[in-house]
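Under our numbering, the first residue of the sequence shown carries the number 758, and numbering increases by one thereafter.
From the three backbone atoms N, C-alpha and C, an ideal C-beta is built for every residue, glycine too.
The structure displayed is predicted, hence computed values, not measured ones.
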Amino acid sequence: MSVQVRRASADDLDRLVPLFDGYRRFYEQERDPDAARDFLKARLDSGDSVILLAEHDGEAIGFTQLYPLFSSVRMARIWILNDLFVDESHRQRGAGRALLEAAQAYAEDDGAAALQLETQRTNSVAQSLYTRLGWEAPDDTIWFNLPLDDSVRGRQRADAPFGIGN
Numbered sequence: 758m759s760v761q762v763r764r765a766s767a768d769d770l771d772r773l774v775p776l777f778d779g780y781r782r783f784y785e786q787e788r789d790p791d792a793a794r795d796f797l798k799a800r801l802d803s804g805d806s807v808i809l810l811a812e813h814d815g816e817a818i819g820f821t822q823l824y825p826l827f828s829s830v831r832m833a834r835i836w837i838l839n840d841l842f843v844d845e846s847h848r849q850r851g852a853g854r855a856l857l858e859a860a861q862a863y864a865e866d867d868g869a870a871a872l873q874l875e876t877q878r879t880n881s882v883a884q885s886l887y888t889r890l891g892w893e894a895p896d897d898t899i900w901f902n903l904p905l906d907d908s909v910r911g912r913q914r915a916d917a918p919f920g921i922g923n
């Protein structure tokens, strides 16, 4: 199967929303195409992320979303490959590989020091692809996550101690 990958724009929103919503449902989130559209539009409008869109015969079949991060130790940019999704009917045909290779090319062109991602321990199919493409799971690093109160998600506090929102 021939897969083309290109950077998505706001013109691709109608094609991205079903993929993004499918990605979220894969992770057992409620279907919410309106919120998905708003979220993606905000990312594209603000330049917060880079979304790469995979197409086959003009059909949108998958995407990956990259977010910038900076490493103080390396004094360099790192890209977080936060989302990777291929429509179920197009899996195991090279689209995931094409998206990962395009993400790597984008990060290299940007002069980044690395690409990073996380995946569920149970996602062995994806892990197999990552390792075949040269990704490594560091033995010397443990990632922690601090969930924050859902009531503050998506808004800035006016009384924030560090001047955020002022």
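Quick one: is Ile935 buried, meaning 16 or more other Cβ sit within 10 Å of its Cβ, or exposed? For the chain, the structure presents residues 758 to 923; residue 935 sits outside this window and is missing.
Touch test, the stretch 791-801 against the stretch 840-849, Cβ-Cβ under 8 angstroms, three pairs minimum: no
With respect to the beta strand (DSSP E) encompassing Ala833, which residues constitute its N-terminal and C-terminal limits? Here residue 833 refers to the residue found at position 76 of the sequence shown. Its beta strand (DSSP E) spans residues Ala833 to Val843.
Pro825 - partner residues in DSSP beta bridges: Translated into the one-based positions of the sequence shown, residue 825 becomes position 68. Bridge partners of Pro825: Trp836.
By the three-class DSSP mapping on this structure, what secondary structure does Phe820 have? Locating residue 820 in the sequence shown gives position 63, where the first residue counts as 1. Phe820: strand per DSSP, three-state reduction.
Quick check on DSSP: helix, strand or coil for Arg848? Taking the first residue of the sequence shown as position 1, residue 848 is located at position 91. Coil.
What are the partner residues of Ile899, as DSSP defines its beta bridges? The residue you call residue 899 lines up with position 142 of the sequence shown. Paired residues: none, contrary to the question.
Could you work out which residue in Gly853, Asp906 and Thr879 is closest to Arg889 when comparing CA atoms only? Taking the first residue of the sequence shown as position 1, residue 889 is located at position 132. Closest by alpha carbon: Gly853.
Taking just the CA atoms, how far does Ala869 sit from Ser829? In the sequence shown, counting from the first residue as 1, residue 829 sits at position 72. In the sequence shown, counting from the first residue as 1, residue 869 sits at position 112. C-alpha separation (whole angstroms): 13 angstroms.
Euclidean distance between Cα positions of Leu773 and Arg878: Indexing the sequence shown from 1 puts residue 773 at position 16. Indexing the sequence shown from 1 puts residue 878 at position 121. Approximately 26 angstroms between the Cα atoms of the pair.
Would you call Gln956 buried or exposed, if buried means 16 or more other Cβ atoms sit within 10 Å of its Cβ? The structure shown has nothing for residue 956, since the chain only spans 758 to 923.
Rounded to whole angstroms, what's the CA-CA distance from Asp896 to Pro825? Just pull it up for me. Taking the first residue of the sequence shown as 1, we reach residue 896 at position 139. Taking the first residue of the sequence shown as 1, we reach residue 825 at position 68. If I take the Cα positions, the gap works out to 23 angstroms.
For Val762, report the span of its beta strand (DSSP E) as first-last. For this step, residue 762 is matched to residue 5 along the sequence shown. Note, Val762: beta strand (DSSP E), Gln761 to Arg764.
Cutting at 6 angstroms between CB atoms, please list the residues of its own chain near Phe827, excluding the five before and the five after it. Here residue 827 refers to the residue found at position 70 when the sequence shown is read from its first residue. Cβ within range, chain order: Arg834.
What is the DSSP secondary structure of Leu810, reduced to helix, strand or coil? As a position in the sequence shown, residue 810 is number 53, starting the count at 1. In the structure shown, Leu810 sits in a strand (DSSP, three-state: E or B).
Neighbour-count burial assignment, Glu816, 16 or more Cβ in a 10 Å radius: As a working mapping, residue 816 is identified with position 59 in the sequence shown. By the 10 Å Cβ count, Glu816 comes out exposed.
Mind checking whether Ala811 and Val762 have CB atoms under 7 angstroms apart? Looking up residue 811 in the sequence shown gives position 54. Looking up residue 762 in the sequence shown gives position 5. A contact, by the Cβ cut-off of 7 angstroms.
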